[in-house]
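Residue numbers for the sequence shown, in mature numbering (1 follows the signal peptide of the UniProt record, and there is no 0): -20 to -1, 1 to 181.
Virtual Cβ for every residue (Gly too), placed ideally from N, Cα, C.
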Amino acid sequence: MAASFALCIFYYAFFQYVCEKWLSTSDTVKVYIEEHLQEEYGVDPNDYNMLSTIYNESNPQEIFRSWTGVVLLMLMSVGSISVYFILGYKTMKKLNDAQAHVTMSADTAMLQRKLLIALTVQTVIPICISFTPSLIAWFAPVFNFSMGRVYNYSGTIALSAFPFLDPVAIIIFLPILRNRLYQAKQSGEQTGTVSIELRTV
């Protein structure tokens, strides 16, 4: 638990360092993107704090800063994904260990496997809607590909969907939660069909 907390602190500090040191927008970059931002979004870059990268058509120092920052963020993302798979592999190996079957019941081992499947799905979700869009946004300008506002809107929606999709994986793959949700739905349907008949004597 302490190691997980320390890892989160490290990721946070590393991200802050990369953004402040390598990706903070310099005056040179603001001048370079000013005309495009005003045409595309109607804003002045001097009025905002932003992170930016420039891969060509600038001085070597700015290009080096951009490439260094993007590569460091990519390594952080790949490192996070690697931690997911390494810990998942170690957990599955522990569950398949013969000694583990002696210390835990069959029901507990089955529940652990289903929980691991749910956690695997929870790992795939941020890879698809967080890490992959970030990598696309970082490296698309390298190939002179402009994604425009459509990607900004769709990326925002995808990132906003993460808090909803994350617990759905647990509910779907854990029988006790799935059955509880199904029972609640049945209970709602049964209580919804109540009729009252009054008779006069």
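| Asked | Found |
| --- | --- |
| Simplified DSSP state of Ile176, which is helix, strand or coil | Only weak support exists for where Ile176 lies, its pLDDT of 44 falling under 50; the coordinates are left without a value. |
| CB contact flag (Val23, Leu31, <9 Å) | no |
| Beta-carbon proximity check, Leu3 vs Leu75, cutoff 9 Å | no |
| Limits of the unbroken alpha helix (DSSP H) element including Met54 | Pro40 to Asn76 |
| Separation of Thr112 from Val122, as counted between CA atoms | 16 Å |
| Environment of Ser46 [buried if 16+ CB atoms lie within 10 Å] | buried |
| The stretch 149 to 162 touching the stretch 97 to 115, judged by at least three CB pairs closer than 8 Å | yes |
| Length-filtered (4 minimum) alpha helix (DSSP H) runs lying within the stretch 89 to 119 | 112 to 119 |
| The stretch 30 to 44 contacting the stretch 5 to 16, beta-carbon criterion three pairs below 8 Å | yes |
| C-beta atoms of Val63 and Phe119 nearer than 9 Å | no |
| Identified DSSP bridge partners for Leu31 | Ser4 |
| As assigned by DSSP and simplified to three states, the class of Asn132 | helix |
| Met72 to Ser126 span [Cα, whole Å] | 42 Å |
| CB contact flag (Leu139, Ser110, <9 Å) | yes |
| Cβ neighbours of Leu145 in the same chain (closer than 7 Å, five flanking residues each side left out) | Ile105 |
| Three-way DSSP call (helix, strand, coil) for Phe(-16) in this model | helix |
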